[in-house]
Amino acid sequence: MAVRTFLPARRIATLGLGLFCFAQSGLVSCTNVTRSGGLMLRIDRDPELEMDAVSVSVTTDTRVLETEQYPLRSSKDFPATLGIATSGKDATIRLRLIALSKGTPVDVRDYKVEHIESSRIKLLEVYFSAACRPLVSIEDDEVTSTCSSGKTCDPETASCVSGTRDAVELPDYDGKDGGGDDGPDDTHPGTGGGGGMVEDELDPACSGRAAGDAYCAEDERYRCGDDLLLAQTTLDPCENGRCVEASGEAHCVSSCGFNNGGCADGIECIDTPEGARCAGCAEDEFSPSGDGTDCRPRVVCEPGTYVTDPGSASTDRKCAPCKKETFSSSVNQMSCAAWTVCTGNMVEAEKPSPTSDRRCVDSGRRFLSSGGKDTISSIAHAATGLLCVGGSTDGQFEGQENAGVMDAFIACFDAEGRLLWLDQFGTQGQDTVQKIIFDRRGDLLIVGSVGGELASELLGEKDAYVRKYSAGGRVLWTKQFGGRSADVANAVAVTSDDAIVVVGVQGNATIGPGATGDDASVLVLDDGGSELFKTTIATALEDKAHGVAADGRGGFYVVGATSGTLPGLPLRQGQSAFVRKYNRMGMGYAAGFTEQFGAGSASAAWAVAYDVLAERLGVFGNTNGAFGQNLTKGAGRELFVRSYKQDKEQFTVRLGSSDNDDAKDIAFDSEGNLVLVADVRGDVGAGYLGGIDVLLARLSPEGTLKGLATLGTDQDETVSGLVLLPEGVWLGLGTAGDFAGASGSKMKPAALAYLAPLPSD
Numbered sequence: 025m026a027v028r029t030f031l032p033a034r035r036i037a038t039l040g041l042g043l044f045c046f047a048q049s050g051l052v053s054c055t056n057v058t059r060s061g062g063l064m065l066r067i068d069r070d071p072e073l074e075m076d077a078v079s080v081s082v083t084t085d086t087r088v089l090e091t092e093q094y095p096l097r098s099s100k101d102f103p104a105t106l107g108i109a110t111s112g113k114d115a116t117i118r119l120r121l122i123a124l125s126k127g128t129p130v131d132v133r134d135y136k137v138e139h140i141e142s143s144r145i146k147l148l149e150v151y152f153s154a155a156c157r158p159l160v161s162i163e164d165d166e167v168t169s170t171c172s173s174g175k176t177c178d179p180e181t182a183s184c185v186s187g188t189r190d191a192v193e194l195p196d197y198d199g200k201d202g203g204g205d206d207g208p209d210d211t212h213p214g215t216g217g218g219g220g221m222v223e224d225e226l227d228p229a230c231s232g233r234a235a236g237d238a239y240c241a242e243d244e245r246y247r248c249g250d251d252l253l254l255a256q257t258t259l260d261p262c263e264n265g266r267c268v269e270a271s272g273e274a275h276c277v278s279s280c281g282f283n284n285g286g287c288a289d290g291i292e293c294i295d296t297p298e299g300a301r302c303a304g305c306a307e308d309e310f311s312p313s314g315d316g317t318d319c320r321p322r323v324v325c326e327p328g329t330y331v332t333d334p335g336s337a338s339t340d341r342k343c344a345p346c347k348k349e350t351f352s353s354s355v356n357q358m359s360c361a362a363w364t365v366c367t368g369n370m371v372e373a374e375k376p377s378p379t380s381d382r383r384c385v386d387s388g389r390r391f392l393s394s395g396g397k398d399t400i401s402s403i404a405h406a407a408t409g410l411l412c413v414g415g416s417t418d419g420q421f422e423g424q425e426n427a428g429v430m431d432a433f434i435a436c437f438d439a440e441g442r443l444l445w446l447d448q449f450g451t452q453g454q455d456t457v458q459k460i461i462f463d464r465r466g467d468l469l470i471v472g473s474v475g476g477e478l479a480s481e482l483l484g485e486k487d488a489y490v491r492k493y494s495a496g497g498r499v500l501w502t503k504q505f506g507g508r509s510a511d512v513a514n515a516v517a518v519t520s521d522d523a524i525v526v527v528g529v530q531g532n533a534t535i536g537p538g539a540t541g542d543d544a545s546v547l548v549l550d551d552g553g554s555e556l557f558k559t560t561i562a563t564a565l566e567d568k569a570h571g572v573a574a575d576g577r578g579g580f581y582v583v584g585a586t587s588g589t590l591p592g593l594p595l596r597q598g599q600s601a602f603v604r605k606y607n608r609m610g611m612g613y614a615a616g617f618t619e620q621f622g623a624g625s626a627s628a629a630w631a632v633a634y635d636v637l638a639e640r641l642g643v644f645g646n647t648n649g650a651f652g653q654n655l656t657k658g659a660g661r662e663l664f665v666r667s668y669k670q671d672k673e674q675f676t677v678r679l680g681s682s683d684n685d686d687a688k689d690i691a692f693d694s695e696g697n698l699v700l701v702a703d704v705r706g707d708v709g710a711g712y713l714g715g716i717d718v719l720l721a722r723l724s725p726e727g728t729l730k731g732l733a734t735l736g737t738d739q740d741e742t743v744s745g746l747v748l749l750p751e752g753v754w755l756g757l758g759t760a761g762d763f764a765g766a767s768g769s770k771m772k773p774a775a776l777a778y779l780a781p782l783p784s785d
């Protein structure tokens, strides 16, 4: 194989795949490269992304072919082109391209390019973008993307999409890269031109193959060496037949070209893909006499076996059982494949056998342990497959430090369940995470409270805070706020115009004008953490905001509890739940639809969800009252769900056990059903396991019960939140028993994320 490398002001390298040509716009051209076939990358960037170099790694499934860094010193260097060609057989390669700015990774692309043809050059456009920067991750000094395996960032949407490209479907390369002519062979690149051609004794048949693969060449069998450069002639030639390739192995089969294929003199020999046969015999028959008069069917190598000898026109096929930890699933396989090994967080769903592979599935469990008391208070999932949990601990996670009495923490796992990063942070006091969500860019937002100085001096008993992380775990900014009393941020949402809405409780007029006691607070920040708007929801008594949901039009809904009467509403007594809508008005927000309900019955709304397409609002809370339809026969503090459509009540239902139950989280599924989770202390209709159980319920768009499930042990299990995915519902859990592989106690509960099936009818 001829290998070319065209690198401005760089040495000529010899690579095992094919041609490499790198051209900066206006300096060097890849146009005059001999077009044996391959792939041309055209690399560009958006103006907002500062980059001065690109690192390129080219690999096969078994080895690294090239890793190189190329300087791009100014905007004139864009677009740049990188050529990768094969003069041998069609190939498959993996590409990792890293945009660098002063040595810091600012964007990553991962591609698997299949079917790179040896007869034509195809074009792959690579566009680096600032929008993809949050997906860059550095782990153990290795630059990766937080996209799951096989995916890469789409610069238009900043989301993860498939990184597999079929070269056959890519456009042909038009040669327009703007450079000068290449230099003569056996020369280094000069100004305005690329380098020349360097010959090496490479085995063209090994291009695109794995090390150790066997192949056929002129009816002789060869095996590729470990370096893929020189073939090792360790296999016998096919002296009495022809060579046939299958699954990385080479086999000899009978051929009419040798001794008439074993057929008797005067009997016609017919070549087939499986070998020679004598005239008069069917395609999968042989004639022991070779005259075609005593044809008999060949032995069938059943699943669980493989073909050791395909036979000839006059001999039968021979089979052997698959070796240990290998399988074949169809008849007459030429080799057996190794069983799949479940790695990472994958577990065995189906056992392997000689006739079937092992099937691996996600265990649906993510474990954390600091050695102390760990509590998960919120859970979130990104389109990239990233699953994150937030909570508090009095222990110390590996590689982290404990700052005080109780620290906050964030932990994120990839789609395969591997812990990507964990950050334990806090002050000398009590620190919590109340809610975590992903914004539209894939950054992570955290709200809670701290008992000391996190981003600024502590102003009261405890302060509220907002913190933003990149998907890779880098703290982007932190905002701490509070007054002389106790403040906490309970929930956060992101509007359709990327404003960050934080709601909670202020002790004394921290956010806006307050009445007396605790007031519900509303704070709106821009994407960088600067204040846009602030207000309170306040009466003469105690008011608290517990949840917030964006409405898809720039506005948002706030839910909570009040012991007073909100302005403009009829007089209420006792604690009631409330919902208030804020509409986007110019540069600010105006209060709109407001409702209080459940007065005199210790009612409180704890969670809220909004279905943008259906314009439906779901409010979830607790009540000691008797409003709405009772779906179960609860007797203590019950759960309620109220549904609105275009700000008009659709239905209100209650459900609960004979004891006190606690509403935790709610969400709409893809069919418009409301899915909710709660802590219950008795039987709601799905059985009672003991202590505190986790209730998972589903309500139809009309408010009918579509399914109930109870999770737990005879000890206490508690839930903090839910994330709905096609494969089920992820829950943030704590257990004082032995649940789903986690073991805890009342004094030291264990924390885990758990994937549960949706309850059915």
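Numbering of the sequence shown is given in my numbering, commencing with residue 25 and proceeding in unit increments.
Built from N, CA and C at the ideal position, the CB exists for glycine as well.
As the structure is a computational prediction, the values presented were derived from the model and not from experiment.
Helix, strand or coil: how does DSSP classify GLY286 here? helix
Could you check whether ARG233 and CYS248 sit closer than 8 Å to each other, using their CB atoms as the reference points? yes
Are the stretch 641–650 and the stretch 518–531 touching, with three or more C-beta to C-beta distances below 8 Å? no
Reference LYS126; option with closest CA among ALA115, TYR151, PHE102 and TYR94: TYR94
Using the C-alpha atoms, what's the distance from LEU700 back to SER682? 19 Å
Using beta-carbon positions only, say whether THR742 and ASP703 come within less than 8 Å of one another. yes
Contact under 8 Å by Cβ, ASP567 with ALA544: yes
Using three-state DSSP, classify VAL371 as helix, strand or coil. strand
Take ARG383 and list the residues in its own chain whose beta-carbon comes closer than 7 Å to its own, dropping the five residues that flank it on each side. ALA373 and GLU374
Residues of its chain near GLN424, where Cβ-Cβ distance is below 6 Å and the 5 sequence neighbours each way are ignored: GLN448
Does DSSP put PRO158 in a helix, in a strand, or in coil? helix
Please go through the stretch 287–330 and give each complete beta strand (DSSP E) segment of 3 or more residues, from N-terminal end onward. 293–296 and 299–302
Buried versus exposed call for LEU595 [16 or more other C-beta atoms within 10 Å across all chains shown]: exposed
Per the DSSP calculation, PHE421 is bridged to which residue(s)? Bridge partners of PHE421: none, in fact.
Grab me the residues of GLY642's own chain with a C-beta within less than 6 Å of its C-beta, minus the 5 sequence neighbours each way, in chain order. ALA633, SER667, ILE690 and LEU698
Measure from the alpha carbon of ILE122 to the alpha carbon of each residue in ALA404, GLU673 and ALA77, then state which is nearest. ALA77
In chain order, what residues of the same chain have a beta carbon less than 6 Å from the beta carbon of ASP740, not counting five sequence neighbours either side? GLY715, ILE716 and ALA760
In whole angstroms, give me the CA-to-CA distance for ALA615 and VAL747. 29 Å
GLY736 to PHE102, Cα distance in whole Å? 58 Å
Please state if the CB of GLN454 and the CB of ALA427 are separated by a distance shorter than 8 Å. no
With a cut-off of 8 Å on the beta carbons, I'd call VAL471 and SER416 a contact; round off their distance for me. The Cβ separation is near 13 Å, so there is no contact.
Hey, how far is the Cα of CYS287 from the Cα of THR329? 28 Å
Of the residues SER338, VAL355 and ASP686, the one placed nearest ASP315, counting alpha carbons only: SER338
Considering only C-alpha positions, which residue in the set CYS360, THR589, SER313 and PRO129 is nearest to ASP165? PRO129
If we ignore side chains and look at the alpha-carbon of each, how far apart do THR559 and GLU673 end up? 26 Å
Less than 8 Å between the CB atoms is what I'm expecting for ASP134 and ARG157, so what's the real figure, rounded? About 15 Å separates the two Cβ atoms, so there is no contact after all.
Residues near GLN420 in its chain [Cβ-Cβ closer than 6 Å; skip 5 each side]: SER394 and ASN426
Using the beta-carbon count (16 or more within 10 Å), is ARG722 buried or exposed? buried
For GLY711 and THR734, believed in contact at Cβ under 8 Å, the rounded distance: 5 Å
Quick check: VAL518 and ALA574, are their CB atoms within less than 8 Å of each other? yes
Where the beta strand (DSSP E) containing TYR712 begins and where it ends: TYR712 -> no beta strand (DSSP E), and no H or E assigned at all.
Would you list the residues sitting across from HIS405 in a DSSP beta bridge? LEU411
DSSP three-state label for SER767, please. strand
Just list the residues that DSSP pairs MET64 with in beta bridges. GLY107 and LEU147
The beta strand (DSSP E) that contains LYS126, what's its start and end? Careful: LYS126 lies outside any beta strand (DSSP E) and carries neither H nor E.
Under 8 Å: do the stretch 583–597 and the stretch 616–624 share three or more Cβ pairs, one atom per stretch? yes
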